[in-house]
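So that you can map any letter, position 192 of the sequence shown is 192 in UniProt numbering, and since no number is skipped, the others follow by simple counting. The structure under discussion appears below in the form of structure tokens.
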Amino acid sequence: MSQPTLYEILSLSPTTSDLTPAIIKQAYRRALLTHHPDKSSSSSSSSAFSSSSTSNGYSNSHPNSHPPPKTKKPISYTIDQISLAYTTLSSPTLRTQYDASLRRLAASSRTHPTTTLGKGNVVEDFQTGIDTIDLDDMVFVPSYSNNGKEKDTWYRPCRCGNERGFALTEEDLEENADLGEVLVQCADCTIWLRVCYVVAEND
Numbered sequence: 001m002s003q004p005t006l007y008e009i010l011s012l013s014p015t016t017s018d019l020t021p022a023i024i025k026q027a028y029r030r031a032l033l034t035h036h037p038d039k040s041s042s043s044s045s046s047s048a049f050s051s052s053s054t055s056n057g058y059s060n061s062h063p064n065s066h067p068p069p070k071t072k073k074p075i076s077y078t079i080d081q082i083s084l085a086y087t088t089l090s091s092p093t094l095r096t097q098y099d100a101s102l103r104r105l106a107a108s109s110r111t112h113p114t115t116t117l118g119k120g121n122v123v124e125d126f127q128t129g130i131d132t133i134d135l136d137d138m139v140f141v142p143s144y145s146n147n148g149k150e151k152d153t154w155y156r157p158c159r160c161g162n163e164r165g166f167a168l169t170e171e172d173l174e175e176n177a178d179l180g181e182v183l184v185q186c187a188d189c190t191i192w193l194r195v196c197y198v199v200a201e202n203d
């Protein structure tokens, strides 16, 4: 079974030109409500009972009775999938990179029509792995500029060998403050880093 694209996870169209941050966030919250584990388990239990019982609550075991028609199992996405889709599509930089990966995959499938390229390859081409760390695990380099143009920066080496493969700025953290996490790709490879952090409230 092929895996969905990040757009499909949030029920959005990649061809829509007016995907504003508000629309993406609304789709994200709607997806969380739709695919919440508690809701999914509740729905499955309810459907299982109704399919095995008659209207009076007793099991229909008549030999000539027909089994209920099989219903197509609804697609379910994990919280991690939904969070990844929102974090990527709500960031202009990450969304641009992801859209580029979609175009590369489409071009590759046209060039090599005999090659099987499922939708799952879209995500695999975009990222081949995600490590999760805390912001405190990165090296902090403060800005000593007085003009306000330079931002504090955080670095972390990547296992590909780049000592500053992962880099974050204050702007990146502020942009994703409501999520409390940000995704950043290594500058030299396809490894991704999920950095979790807590925004300190000013008294």
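Note that CB positions come from ideal geometry on N, CA and C, so glycine has one too.
By the CB criterion at 7 Å, residue 77 and residue 9 fall inside the cutoff. Comparing C-alpha distances from residue 91 to each of 6, 36, 107 shows the shortest one belongs to 6.
The beta carbon of residue 133 sits closer than 8 Å to those of 156, 193, 194, 195, 196, all from its chain and outside the five residues before and after it, given in chain order. In chain order, 191, 192, 193, 194 place their CB closer than 8 Å to the CB of residue 131, counting only its own chain and leaving out the 5 sequence neighbours on each side.
Secondary structure of residue 185 (DSSP, three-state): strand. Residue 140 is classed as exposed because its beta carbon has fewer than 16 other beta carbons within 10 Å across all chains shown. When C-alpha distances from residue 87 are compared across 185, 199, 136, the shortest belongs to 185. A Cβ-Cβ distance of about 6 Å is found for the pair residue 171 and residue 151, placing them in contact under the 8 Å criterion.
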